[in-house]
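**Q** Structure provided below as structure tokens; questions to follow.
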Amino acid sequence: MDVLIFSTSVSAPEQVTKVQPLLTSVQAIQDFNFDLEDCDNILRVVADDLSPRYIETLLNNAGFLCTELEY
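Each residue of the sequence shown is one higher than the last, beginning at 96 in my numbering.
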């Protein structure tokens with residue numbers, strides 16, 4: 096399993112509620128969480144063999160900025 100970390104423009108619990116169904120619909124995603132208290136509004140995704148670009152595109156298509164962070 097991989098842990099992917101993204102900076103996002105998701106900044107409120109209501110926005111997390113909007114994005115949650117998109118993320119839970121992806122079978123490769125085992126778990127995810129947002130850290131809205133971080134200045135980058137961090138999204139952490141635990142997944143099996145999933146491209147970071149897929150998550151970026153998923154959130155971008157929903158109207159949010161999403162960029163993978165290197166760690």
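Think of the CB as a built atom: it goes at the ideal place given N, C-alpha and C, for glycine as much as any other residue.
Anyone know if the C-beta pair for L153 and I100 falls short of 7 Å?
**A** Not in contact: L153 and I100 (Cβ atoms no closer than 7 Å).
**Q** What is the DSSP secondary structure of Q110, counted as helix, strand or coil?
**A** Reduced to three states, the DSSP call for Q110 is helix.
**Q** So for Q125, helix, strand or coil by DSSP?
**A** DSSP places Q125 in strand when its eight states are reduced to three.
**Q** Taking 8 Å as the cut-off, does the stretch 101–108 touch the stretch 128–140 (at least 3 CB pairs, one atom from each stretch)?
**A** Yes, they touch.
**Q** In this structure, does DSSP put L153 in helix, strand or coil?
**A** L153 falls in the helix class under three-state DSSP.
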